[in-house]
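As structure tokens, the structure follows; a few thoughts come after it.
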Amino acid sequence: MYEGAVQDLIDELGRLPGVGPKSAQRIAFHLLAAESADVGRLVAALQRVQAEVRFCVTCYNVAEAEQCRICRDPRRSDDVICVVEEPKDVVAIERTREFRGRYHVLGGAISPIEGVGPDDLRVKELMTRLMHGSVTELILATDPNLEGEATAAYLARLVRPLGLTVSRLASGLPVGGDLEYADEITLGRAFEGRRRIDA
Ligand SMILES: [Zn+2]
1 MYEGAVQDLI
11 DELGRLPGVG
21 PKSAQRIAFH
31 LLAAESADVG
41 RLVAALQRVQ
51 AEVRFCVTCY
61 NVAEAEQCRI
71 CRDPRRSDDV
81 ICVVEEPKDV
91 VAIERTREFR
101 GRYHVLGGAI
111 SPIEGVGPDD
121 LRVKELMTRL
131 MHGSVTELIL
141 ATDPNLEGEA
151 TAAYLARLVR
161 PLGLTVSRLA
171 SGLPVGGDLE
181 YADEITLGRA
191 FEGRRRIDA
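Counting in the UniProt record's numbering, the sequence shown runs without a single skipped number right up to 199 at its last residue.
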């Protein structure tokens, strides 16, 4: 649609997750109009992430050293591992400040439709950690969708012989939401995960 470089940029942006053709075009023209210093910072950030960021050798979170910041932190508990799908899930859980254990990033979820099986995820690596560490509890914090549920069920079965405490994050109702607008799956889960109020 456009000539050479502009179209190349739109094509590249359009390949990013969550960026449709319209957004790609909008971002491309934003960059065309931007100060060269701003574009330079973006280019530098992309190059740095390529050169410097890698995956933690222990938990597979993103890291700038051999181990990530969380695995290096001696104040965190080695007894609990929280299993998530992606590094962005680590960030989301860290933001709650509720969890002081370690993580394990699977790198996705089991999805027969997309041809993703347990061997495509860091399941073997998780088992090695569980068998050689001091872990007593496993929290399965995969996404509350079909793939995430299947992955959690698979892992729960797999680790059963190890005798760990295994839990799944409770699915609940969104804070500030309205009961009547919740879909039946969410509401059903919220019922299932109800807890006693200590009054
Ligand atoms: Zn780590």
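Virtual Cβ for every residue (Gly too), placed ideally from N, Cα, C.
Remember, it's a predicted structure, so these values are computed and weren't measured experimentally.
Have a look at Ala33, Arg195, Ala156 and Gly20 and flag the residue whose alpha-carbon is nearest the alpha-carbon of threonine 142.
Counted from its first residue, the sequence shown places residue 142 at position 142. Per the Cα distances, Ala156.
Does any C-beta atom of chain D lie closer than 8 Å to the C-beta of arginine 54?
Of the chains in the structure shown, none is chain D; there is only one protein chain.
So threonine 96 is in the alpha helix (DSSP H); what residue range does that whole segment cover?
Reading the sequence shown from its first residue, position 96 is the one you call residue 96. Taken as a continuous stretch (DSSP letters only), the alpha helix (DSSP H) holding threonine 96 covers 87–96.
If you pair each beta-carbon of the stretch 185–192 with each one of the stretch 131–142, do three or more pairs fall below 8 Å?
no
Find the nearest neighbour of valine 57 within the set Thr136, Glu125, Arg194 and Arg48, judged by alpha-carbon distance.
The residue given as residue 57 occupies position 57 in the sequence shown. Ranking Thr136, Glu125, Arg194 and Arg48 by Cα distance to valine 57 puts Glu125 first.
In this structure, how does DSSP classify arginine 195 when only helix, strand and coil are distinguished?
Mapped onto the sequence shown, residue 195 falls at position 195. Per DSSP, reduced to three states, the secondary structure at arginine 195 is coil, with no helix or strand assignment.
Restricting to Cα atoms, I'd like to know which of Gly14, Gly117, Leu46 and Ala109 is closest to proline 87.
In the sequence shown, residue 87 corresponds to position 87, counting from 1. When each option's Cα is compared against that of proline 87, the closest is Ala109.
Which residues in the same chain as alanine 65 place their Cβ atom closer than 8 Å to its Cβ, once the five residues preceding and following it in sequence are excluded?
By one-based count along the sequence shown, residue 65 stands at place 65. Cβ within range, chain order: Arg72.
Quick check on the DSSP output: the beta strand (DSSP E) that includes valine 83 runs from which residue to which?
Numbered from its first residue, the sequence shown carries residue 83 at position 83. Residues 80–84.
Run through DSSP, which three-state label would leucine 46 get?
Counting from one through the sequence shown, the residue named residue 46 turns up at place 46. It is helical.
Is threonine 151 close to ligand 1? I mean its beta-carbon at under 7 Å from any heavy atom of the ligand.
Counting from 1 along the sequence shown, the entry for residue 151 is found at position 151. For ligand 1, not one heavy atom lies less than 7 Å from the Cβ of threonine 151.
Keeping to the same chain, check which residues put their C-beta closer than 6 Å to that of residue 222; ignore five residues upstream and five downstream.
A query on residue 222 cannot be resolved here, the shown segment of the chain reaching from 1 to 199 and no further.
What did DSSP end up calling serine 171 once you bin it into helix, strand or coil?
For this step, residue 171 is matched to residue 171 along the sequence shown. If DSSP states are grouped into helix, strand and coil, serine 171 belongs with coil.
Determine which residues share a DSSP beta bridge with arginine 102 and list them.
Taking the sequence shown and counting its residues from 1, the one referred to as residue 102 is at position 102. Paired residue(s): Ile81.
Who pairs with phenylalanine 55 in a beta bridge, going by DSSP?
Working through the sequence shown from its first residue, we reach residue 55 at position 55. According to DSSP, which records beta bridges pairwise, phenylalanine 55 is partnered with Val62.
Less than 7 Å separating the Cβ of asparagine 61 from some heavy atom of ligand 1?
Sequence index remark: in the sequence shown, residue 61 carries index 61 (1-based). Yes, the beta carbon of asparagine 61 sits closer than 7 Å to at least one heavy atom of ligand 1.
In whole angstroms, what is the alpha-carbon distance linking arginine 196 and arginine 168?
The sequence position of residue 196 within the sequence shown is 196, counting from 1. The sequence position of residue 168 within the sequence shown is 168, counting from 1. The alpha-carbon atoms of arginine 196 and arginine 168 are separated by roughly 18 Å.
Which value, in whole angstroms, describes the spacing of the CA atoms of leucine 9 and glutamate 180?
Working through the sequence shown from its first residue, we reach residue 9 at position 9. Working through the sequence shown from its first residue, we reach residue 180 at position 180. Roughly 45 Å between the two C-alpha positions.
What would DSSP say about threonine 165, mapped onto helix, strand or coil?
Indexing the sequence shown from 1 puts residue 165 at position 165. Here threonine 165 sits in strand by DSSP.
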